[in-house]
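Chains as they are written, first to last, in the working numbering: chain W, 2 to 159; chain Z, 3 to 263; chain X, 14 to 435. Each residue gets a CB set at the ideal place from its N, CA and C atoms; glycine is no exception.
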Amino acid sequence: MKNHVLRPLYTVIGLVVIVLIVRVFYVPKDFGVHERGYMYGWYRESNIEDWKKFGVKYKFDGDYCSGCHPLNHENIMSSPHAIIPCEDCHGPALGHPDNPAKLAVERSRQHCLRCHARLPYPTSDRANIRGVNPDKHNPDVECVMCHNPHKPSLEGLK
Amino acid sequence: MINRRDFLKNTAIGIAGITLPLAAFEIIRPEKILANMSGTSKTRWVFLVDTYKCVGCGLCVKACKNENEIPYDANVTRTWVERYVITKDGKLHADTPKGARDGFTTSRIELGQGKYEEIRDEDIIKAFFVPKLCNQCENPPCVQVCPVGATYQVPDGVVLVDRKWCIGCGYCIMGCPYGVRFFHPKYHTAEKCNFCYHRITKGLKTACVSACPFGARQIGNLKDPGDPVTKVIMTERVGILKEEYGTKPQVFYLGLDREVK
Amino acid sequence: MTHGELWTIKELFVYPNEYIYWSVQIVMYPFMTGLVAGAFVLSSLYHVFGITQLKEMARFALVFSFALLFAAPMPIVLHLQHPLRGINVFMTPHFTSAIAAFGIVFSTYGAIVASELWFLYRKHFVGIALPLKEKQDKTLFEWFKYLVFCALTLGVYDISEESLHRDEKAIKILAGIGIPVACFLHGYAGFIFGSVKANALWMTPLMPVIFIMSAIVSGIALCMLTYIVTMEIRKFLASRRKAADSRYHQSPGEAASAELGVIRITAKYLLFFLIFAISLELLDFVFRGYTAVKSWDVLRSVIYGKDFINIFLLQYTIGNLIPFILFLIPGLTLRRAVVGVILVMFGVFMMRWNVVIGGQAFSLSFAGYMHYHIPVWPHDWETFKEGVMGALAIFIMPFVLFWFISRIFPVFSHEEAHSEKL
């Protein structure tokens, strides 16, 4: 009988070998060290593709919208609201007009107040936007009752 | 004469030897790391925020949540807007109600636990909004502390999270000095802004950049000298957040104030 | 609902994604690893440094350390959002992360403890396996037992004087290696926190050392407590047996005095490490206050304000000062020792709490606070594992495991255990 003292060591080595074998089958082949080195670049490479494939929802392309809605587009382009992308109010347009056929338009008072609740903040452009005091300016009425978002100034009043 | 014991032993060793290719031992290969260190990418995504232009409408936050499928009513967000109001007594009042998902529609400052503080207009001496998002740091501490390699930096600088590999330990959330990380309410893995990686790699702008009516947010490629964002960063006075942590953040701010946390 | 939202209350300016993500299970984790490391160091004091007064305690501490070893990773596993992926830590370890090395260090340590136990109990295994081998018509249970103990012998049946002598040598070497590994294991739990540069309260190079010292304190305390309790139960059983069987000789008085001797010696070591732990923590405090860097304003408001009771009353007064006095008063009695060690363990637990929860009590903005409201009665899996009940379950676990493990590794002297078994 040889020295028995090393038996536990053999057992441990056996376990390590098992872990290493499992590792071969478990770890994806493209997992490894990449350009940013071991500290910042230790990853599964196909995950980058996974993220690239993530679905786009917003088109944010005015020309895409004006193709079918030229009048609406023309209207808003002559107003101060021209800077607001269509989808900020009309919602993500991906798939439209096939699916969804109609976009859920945001018409709420709260939506207008995002910019037009008056906040007199020096050193911020917020102070330059024409604002109202939401508690005093027709508090119970939706803004779109009087203002046309595509022609918001007084001339645009319905 | 082979006895049973030796036979079993030899067989076991033999099987282990056959099934264990050398690759099993390969965790790191030094020569590969060295070869990769030079940095070959032609792109380095960076971000530019103009805090003068931001009006705190929160349309960026809304667009981000929709675009990146972050549950709309969950109180976590990849990007948010902070409000800083400094009064004449030198006191700072800051808040970010729901991450500014619904914008700032009142002058009251949120104090948490359902309490608010009224600020009189005439007391305000300085006030502005600061959009925040992941800084895609050059030395991302969140990546350094990930125990399994589930978050990493793409050569173009963006830090991504592998939702299939993340174990959800939360160490990266703890490691980020900017608080941009959280657990995704649905996938239960670490989640963060990735500059809308699916958009920028298709030539689109990020959702927040496109949604901003005021041009307060811009994304660019620092390695392209002709890029307008690069030009601003190179020629104007820009600031970064929490420089003292040594993370080398890549979101640059125009008009940053010392009060910005 | 977002993870963490349920038990976090925000105050003033806190970033929107900030919650108390590391809750009570992460308090339990260093507490439990601390107990493991402490128990092991205690047993090594006998094996390596030959402190013979600790002989009885050493064997017990080692087996208990083994039981704790299985319980220690449980808080982490429970805390993971994807517990089944925990294996990834072994599969693709990212060693720049303090948590990645945990798998390796912890397994190494486990292997050392298991090997040491094997050498210690080899004779016992052979003693059980051999007679069973010879026995002709084994019952199903005996077959099972035979197979288990055969496996446990690892195929070695040599129990000659010479081989047993070699065992002792091996134990001594293993215990010697084990001390630095145990300290490393726990110091490294401290490193997990100390290396987070984003957290102003955690980031200090003293953290690992503080963790080691308090770990040893808590480990010794738990061993003393469990030792006293098991001895008392055995005494109780013995007195009942004595009533039934007059052949039992040892009087309860003798056992009690032997027990008290062991406890008094161990208490001295406890005090020694306690002084170390407190000194380091105070050093940390003094430095933070004196250097008063940017984060000090918010830290001060947490330490002296929001967490004052937790830190100064529960941790330092009840958890450190009172037991310190209890142990220092001459003529330590068992009852006093029990009160003392329970308070010490409570103190160490509060220290972990004040580090883990305290470190998340303030916002990264340094301009707001977060309050932790631990769920008490669970109404779903999440509130169980992140609540009082989950923490209690983790705390009870090593005791249950200890009961099972002590069936295989009898803790008290061999012959007696033998006679109990057969």
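Give the DSSP-derived three-state secondary structure of residue i in the structure shown.
{"i": "residue 255(Z)", "result": "strand"}
{"i": "residue 40(X)", "result": "helix"}
{"i": "residue 97(Z)", "result": "strand"}
{"i": "residue 175(X)", "result": "helix"}
{"i": "residue 68(X)", "result": "helix"}
{"i": "residue 84(Z)", "result": "strand"}
{"i": "residue 59(W)", "result": "coil"}
{"i": "residue 192(Z)", "result": "strand"}
{"i": "residue 111(Z)", "result": "strand"}
{"i": "residue 79(X)", "result": "helix"}
{"i": "residue 105(W)", "result": "coil"}
{"i": "residue 89(Z)", "result": "strand"}
{"i": "residue 230(X)", "result": "helix"}
{"i": "residue 74(Z)", "result": "coil"}
{"i": "residue 166(W)", "result": "Past the boundaries of the shown model lies residue 166(W); chain W is included only from 2 to 159, so the question cannot be answered."}
{"i": "residue 55(X)", "result": "helix"}
{"i": "residue 149(W)", "result": "strand"}
{"i": "residue 275(X)", "result": "helix"}
{"i": "residue 469(X)", "result": "Because chain X here runs from 14 to 435, residue 469(X) falls outside it and cannot be looked at."}
{"i": "residue 216(Z)", "result": "coil"}
{"i": "residue 375(X)", "result": "strand"}
Compute the Euclidean distance between the alpha carbons of residue i and residue j, then round it to the nearest angstrom.
{"i": "residue 306(X)", "j": "residue 86(X)", "result": "35 Å"}
{"i": "residue 195(Z)", "j": "residue 186(Z)", "result": "12 Å"}
{"i": "residue 173(X)", "j": "residue 75(X)", "result": "24 Å"}
{"i": "residue 165(Z)", "j": "residue 35(X)", "result": "20 Å"}
{"i": "residue 227(Z)", "j": "residue 233(Z)", "result": "7 Å"}
{"i": "residue 310(X)", "j": "residue 43(Z)", "result": "43 Å"}
{"i": "residue 150(W)", "j": "residue 316(X)", "result": "53 Å"}
{"i": "residue 328(X)", "j": "residue 135(W)", "result": "51 Å"}
{"i": "residue 138(W)", "j": "residue 123(W)", "result": "23 Å"}
{"i": "residue 224(Z)", "j": "residue 237(Z)", "result": "13 Å"}
{"i": "residue 162(Z)", "j": "residue 49(Z)", "result": "16 Å"}
{"i": "residue 236(X)", "j": "residue 403(X)", "result": "23 Å"}
{"i": "residue 208(Z)", "j": "residue 105(X)", "result": "32 Å"}
{"i": "residue 362(X)", "j": "residue 289(X)", "result": "17 Å"}
{"i": "residue 210(Z)", "j": "residue 82(X)", "result": "49 Å"}
{"i": "residue 406(X)", "j": "residue 387(X)", "result": "15 Å"}
{"i": "residue 38(W)", "j": "residue 46(Z)", "result": "16 Å"}
{"i": "residue 338(X)", "j": "residue 348(X)", "result": "14 Å"}
{"i": "residue 118(X)", "j": "residue 9(W)", "result": "17 Å"}
{"i": "residue 141(Z)", "j": "residue 42(W)", "result": "11 Å"}
{"i": "residue 35(Z)", "j": "residue 34(W)", "result": "With a pLDDT of only 49 at residue 35(Z), under the threshold of 50, the placement of this residue in the model should not be trusted; the figure read from the coordinates follows. Computed Cα separation, rounded: 7 Å."}
{"i": "residue 223(X)", "j": "residue 352(X)", "result": "24 Å"}
{"i": "residue 119(W)", "j": "residue 121(Z)", "result": "13 Å"}
Bridge partners for residue i per DSSP, in chain order?
{"i": "residue 204(Z)", "result": "None; residue 204(Z) has no bridge partner."}
{"i": "residue 384(X)", "result": "22(X)"}
{"i": "residue 44(W)", "result": "33(W)"}
{"i": "residue 222(Z)", "result": "48(Z)"}
{"i": "residue 153(Z)", "result": "163(Z)"}
{"i": "residue 241(Z)", "result": "255(Z)"}
{"i": "residue 133(W)", "result": "118(W)"}
{"i": "residue 185(Z)", "result": "192(Z)"}
Is residue i buried or exposed, if buried means 16 or more other CB atoms sit within 10 Å of its CB?
{"i": "residue 138(Z)", "result": "buried"}
{"i": "residue 1(W)", "result": "Nothing can be reported for residue 1(W), as the shown portion of chain W is limited to 2 through 159."}
{"i": "residue 240(X)", "result": "buried"}
{"i": "residue 216(Z)", "result": "buried"}
{"i": "residue 31(W)", "result": "exposed"}
{"i": "residue 146(Z)", "result": "buried"}
{"i": "residue 45(X)", "result": "buried"}
{"i": "residue 366(X)", "result": "buried"}
{"i": "residue 129(W)", "result": "exposed"}
{"i": "residue 56(Z)", "result": "buried"}
{"i": "residue 304(X)", "result": "exposed"}
{"i": "residue 69(W)", "result": "exposed"}
*asked:* Just to confirm the assignment: which complete beta strand (DSSP E) runs, minimum length 3, are found wholly within the segment 117-141 of chain Z?
replied: Within the segment 117-141 of chain Z, the complete beta strand (DSSP E) segments of 3 residues or longer fall at 117-119 and 126-134, listed in chain order.
*asked:* Please give the ranges of any alpha helix (DSSP H) in the segment 394-418 of chain X, keeping only runs that are unbroken, at least 4 residues long and fully inside the region.
replied: 394-398
*With a floor of 4 residues, list each alpha helix (DSSP H) that falls wholly inside the segment 128-206 of chain X, ordered by position along the chain.*
153-166
*asked:* Please identify, using Cβ separations under 7 Å, the residues of the segment 169-202 of chain X that lie next to chain C, in order along the chain.
replied: No chain C is present in this structure, whose protein chains are W, Z and X.
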